[in-house]
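A short write-up of the structure that comes next.
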Amino acid sequence: MRIEHRRAHWADEQPRTRWVDQSAFRPTRPDLHLGATNHRVERAGASASGRISVRHTVTTSTADYTMLLNAPEWFGHRAVSEALRDAVAELRAVDLTYGPNRPDSLVSRLRRDEISPDSYPPLADLIDLCAAMRAATDGWFDAWAVPGGFDPGGLLGGWAVERAAARLRAAGIHDYAVLSGADLTVRGHAAHGGPWRVAVHHPTDTRRTPVVLEMTTGAVGTSGVTGRRGHVIDPHTGEPTDRLVAATVLGPNLAVADAYATGLYAAGPAGLAWFRHDTDYRPLFAHHRR
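Per our numbering, the very first residue in the sequence shown carries number 124; after that it's consecutive.
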């Protein structure tokens, strides 16, 4: 799989992300908050006229997900419910089928050499993405340098979210937000009719002013906010690493942003070199551990 980074390839709609001046933002309530170990959704205000708005929470064995959907009234409540059902089914299917901690998952069977990498097309796509991100991060994100063998966990949650989002789009839902922990992907507009207003709080320092974004397409991925030091492995040494307090990356695709954030957390400041070229991904937070 080839990861497209250049801005020319991220141009399917209106301006995707805008950094909002803090003074201009304060009078306007954000729609979503990211930070610490989880996310927060503001209480919904008035929806734009002629719109259907839905909020749904999904819990799998590895994560909690919140989905916010908006659709025109003519789309119909039944069609919205069916789209939501398909997205939920995809999140559960990824958990069951690819979770490395499940002994009967495809990833576990691959690790036991019971199947080949190209046995199932989605598995092959997942492996290709992990290989592409290993190259993009100079080996600092390495799904093969994990105890026990291949483990895509560093980007699996983001991959699941992107697959669920693809189900929504296929069903005709083009205004949505899908959140998990301190990660999210959004598209289109919030219930009020404007871009999604996202306040990205520092992952560990609540005193810092949040980075405020207005987004119509994009994702935010974070690594290092589980509260467990040493949960990310340095792929070059096999030892736990904690060079940074946390790493947060913004870009078009959540799986790629998650992989970049995991690699950046492992590499520390050296990983900032990955974002110095003309790419669609950029770090929001990458703070040294004191």
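All C-beta atoms, glycine included, are put in the ideal place defined by N, C-alpha and C.
These numbers were taken from a predicted model, which means no experiment stands behind them.
Tell me where the alpha helix (DSSP H) around residue i begins and ends.
| i | result |
| --- | --- |
| Arg232 | 229-234 |
| Tyr404 | Neither: Tyr404 is in no alpha helix (DSSP H) and is coded neither H nor E. |
| Ile250 | 244-259 |
For the beta strand (DSSP E) containing residue i, name the first residue and the last one.
| i | result |
| --- | --- |
| Glu337 | 334-338 |
| Ala300 | 298-303 |
| Ile315 | Note that residue 315 is His in the sequence shown, not Ile. Element bounds for His315: n/a, residue is neither H nor E. |
| Gly271 | First-last for Gly271: undefined, no H or E at that position. |
| Ile238 | First-last for Ile238: undefined, no H or E at that position. |
| Ser176 | 174-182 |
| Gly158 | 155-158 |
Hey, how far is the Cα of residue i from the Cα of residue j?
| i | j | result |
| --- | --- | --- |
| Asp79 | Ser204 | No information on residue 79 is available, as it lies outside the stretch 124 to 413 that the chain covers here. |
| Tyr299 | Gly280 | 17 Å |
| Gly271 | Ser303 | 26 Å |
| Ala393 | Gly341 | 25 Å |
| Val414 | Leu192 | Past the edges of the chain, shown from 124 to 413, lies residue 414, and the structure says nothing about it. |
| His400 | Ala409 | 17 Å |
| Gln145 | His162 | The predicted model places Gln145 with a pLDDT of 49, which falls under 50 and marks its position as unreliable; any figure quoted below should be read in that light. Near 20 Å, if we compare the C-alpha coordinates of His162 and Gln145. |
| Met256 | Ser172 | 42 Å |
| Pro244 | Ala293 | 19 Å |
| Asp306 | Thr327 | 15 Å |
| Arg225 | Leu246 | 15 Å |
| Ala206 | His312 | 17 Å |
| Asp248 | Ser242 | 11 Å |
Identify whether residue i lies in helix, strand or coil by the three-state DSSP scheme.
| i | result |
| --- | --- |
| Ser346 | strand |
| His200 | helix |
| Arg320 | strand |
| Val309 | strand |
| Gly394 | helix |
| Arg290 | helix |
| Pro187 | Per the sequence shown, the amino acid found at residue 187 is Asp instead of Pro. Of the three classes helix, strand and coil, the one that applies to Asp187 here is strand, per DSSP. |
| Gly277 | helix |
| Ala266 | coil |
| Thr329 | coil |
| Phe408 | strand |
| Gly295 | coil |
| Gly386 | helix |
| Arg163 | strand |
Between which residues of its own chain and residue i is the CB-CB distance below 8 Å, once the five residues before and five after are set aside?
| i | result |
| --- | --- |
| Leu407 | Val323, Val334, Val343, Thr371, Val372, Leu373 |
| Ser228 | Leu219, Thr220, Tyr221, Gly222 |
Going by CA-CA distance only, name the one from the options that's closest to residue i.
| i | options | result |
| --- | --- | --- |
| Thr183 | Val355, His156, Ala216 | Ala216 |
| Arg201 | Arg331, Val284, Gly295 | Gly295 |
| Gly222 | Ser242, Thr185, Ala247, Gly341 | Thr185 |
| Phe273 | Arg235, Ala305, Arg330 | Arg235 |
| Ala268 | Gly386, Thr402, Leu395, Gly391 | Gly386 |
| Arg330 | Pro153, His400, Gly158 | Gly158 |
| Pro80 | Leu336, Ile175, Ala206 | Here the chain comprises residues numbered 124 to 413, so residue 80 is not present and cannot be evaluated. |
| Ala254 | Leu246, Asp265, Pro244, Trp197 | Asp265 |
| Glu196 | Pro245, Asp209, Val177, Arg208 | Val177 |
| Leu367 | Leu395, Pro375, Arg320, His359 | Leu395 |
| His156 | Val379, Ala384, Asp403, His325 | His325 |
| Thr339 | Thr364, Arg232, Gly316 | Gly316 |
| Ala390 | Thr364, Gly347, Ile238 | Thr364 |
| Asp218 | Asp251, Leu207, Leu278 | Leu278 |
| Arg152 | Ser242, Val321, His179, Gly199 | Val321 |
| Met190 | Thr332, Pro358, Ala314, Asp403 | Ala314 |
Taking 7 Å as the cut-off, is the CB of residue i close to at least one heavy atom of the ligand GTP?
| i | result |
| --- | --- |
| Ala370 | By its list of ligands, the structure shown contains no ligand whatsoever, and the ligand GTP lies outside what it can speak to. |
Note down, in chain order, each residue of its chain lying with its Cβ closer than 7 Å to the Cβ of residue i, except the 5 sequence neighbours on either side.
| i | result |
| --- | --- |
| Leu214 | Val181, Thr183, Tyr188, Ala283, Ala287 |
| Gly276 | Pro223 |
Apart from the five residues just before and just after residue i, which ones in its own chain have a Cβ nearer than 6 Å to its Cβ?
| i | result |
| --- | --- |
| Arg405 | Leu373, Phe398 |
| Thr308 | Val284, Ala288, Val301, Ala342, Leu377 |
| Ala194 | Ile175, Val203, Ile296 |
| Ala147 | Confidence is the limiting factor: at Ala147 the pLDDT is only 47, short of 50, which leaves the residue's position unreliable, though a coordinate-based value still follows. Same-chain partners within the cutoff: there are none. |
| Arg290 | Asp209, Ala210, Glu213 |
| Asp381 | Leu278, Gly281, Gly344 |
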